[in-house]
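Worksheet: one structure, shown below.
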Amino acid sequence: MKNVYSVGQVNSYIRNMFSQDFMLRSIYVRGEVSNCKYHSSGHLYFTLKDEKGAIACVMFSGYRKGLRFRLEEGQQVVALGSVEVYERDGKYQLYAKEIFPDGAGYLYEKFERLKRELAERGLFAPEYKQPIPRYIRTLGVVTAPTGAAVQDIINITHRRNPYVQIILYPAIVQGEQAVPSIVNGIRALERLDVDVMIVGRGGGSMEDLWAFNDEAVAQAVFDCTVPVISAVGHETDTTIIDFVSDLRAPTPSAAAELAVYDVRQLLKLLETQREGLNRRLRTVLKRDALRLRHAAQRLQYLSPSNQIREKRMQAIRMEEELQAAMKRGLEQNRNRLRLYVERMKGLSPLDRLARGYSHVEDEAGRTVSDIGRIAPGDLLAIYMKNGRALAEVKETSPWEPFSETDKGEGYAG
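So, in structure tokens, the structure goes:
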């Protein structure tokens, strides 16, 4: 026997076939609910049936959080999910991710189709999103004039910043007149040049919110030159303008918080900035004061009066050094002079005279050192240690013999 497979292999093969079928990975199935069981684990088990057949379905607890109504026997619903094979039992079933009442199922399909179309046209592109101004003066609101939504926006705006002016366009938000009313409201507030605009309403069914899924409203939001915040329904509600608007808020209250900056936070921020600025200013002043003191000290050192004092002190020191040098020089010269005096004493005629020698001059004042230069009758001046005597030559006679040391001396013994 050839090509024999186990049951597990067959079930696995069939499961792979199902997983490769693109249509079965995301499919809408309409039918009547039967055998509905809420398991203690949080999973939901049920069967969808019609007059021609039935299919087992399961919704795991993770997806059940998005279910906005209680599933009960006999309900007509549309389930979105994937068809897969449960290998252990060899059975296929629908793994539901979303469930809608049958009427909403058609609307949801229409919603998805318009969403894809607008996405392809670029209305959802992030490069077209306008930034929401941080601080605004005028807030435009397109919503119903009565109801909790507008009241929440007013209360939160006044609480966060009572200086913001709210301009309300009382739009029709449900029914046949809703679409043109919302479009006119957007254009009217745009002409008033408000700083930012909130477009939305309170919660409701998909049918109630359908005006915000209209192409004309989406185009008006996209064309608006004023930043638009969408605020339709509750957090779980999603509309087309949520994708087109510049910012999506989960609720009208959240939209007001996103549009209006809390003035208390601004005042707190300003106080923080003021304290920081004062700290930095004190730091700068302290640094500059220290720098100024250093500059003053340096200026005082370099000032003319200080320079004069320095030069004066320097001159005094130089004068003292000069005087000391002069004293040393004088002392050295005195010592040298004493040596010269002592030396001259041995050569001084007066010293010779003191020792008994005499100095003889003729009438012309010439020193007489040679006997041949005088003759009898000449007048001579004889100088001794304590005076002078005049004498007349009576007689001359040469003196023999003369020593060499006596030649040339003009002294007489």
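Just so we're on the same page, my numbering is the position in the sequence shown counted from 1, plus 1235. No residue lacks a Cβ here, since even glycine has one placed at the ideal position from N, Cα and C.
Distance, residue j Cα to residue i Cα
i	j	result
D1337	G1316	15 Å
V1467	V1245	49 Å
A1550	P1539	16 Å
V1576	R1569	10 Å
F1281	D1477	33 Å
E1307	Y1363	44 Å
M1548	R1573	37 Å
L1424	A1383	21 Å
R1322	G1277	Note that residue 1322 is Glu in the sequence shown here, rather than Arg. In a straight line, the C-alpha of E1322 is about 22 Å away from that of G1277.
E1598	K1580	28 Å
Exposure of residue i, with buried meaning 16 or more beta-carbon neighbours within 10 Å
i	result
T1474	buried
G1297	exposed
H1594	buried
L1565	exposed
V1239	exposed
G1435	buried
A1530	exposed
Beta-carbon spacing of residue i, residue j below 8 Å
i	j	result
D1481	Q1365	yes
I1617	R1623	yes
T1392	L1403	no
V1385	I1421	no
L1379	P1405	A small correction: the amino acid at residue 1379 is Ala; Leu does not occupy that position in the sequence shown. Yes, they are a contact pair.
I1464	V1414	no
A1451	V1408	no
F1346	V1313	no
T1471	R1303	yes
L1342	C1292	no
Continuous beta strand (DSSP E) stretch holding residue i: start and end
i	result
F1335	K1326 to P1336
H1594	S1593 to E1596
G1316	Q1311 to Y1321
Extent of the continuous alpha helix (DSSP H) to which residue i belongs
i	result
N1513	V1498 to L1537
E1492	P1487 to A1494
Q1244	V1242 to Q1255
Y1298	S1296 to R1299
Where residue i sits in the DSSP three-state scheme
i	result
P1405	strand
D1285	strand
R1369	coil
V1628	coil
E1267	strand
P1633	coil
T1460	coil
D1428	coil
M1441	coil
Check: residue i C-beta below 7 Å from any heavy atom of the ligand COA
i	result
E1506	This structure lacks the ligand COA; in fact it carries no ligand of any kind.
Short CB-CB distance (under 8 Å) between residue i and chain C
i	result
G1564	This model lacks chain C altogether, as it is built from one protein chain only.
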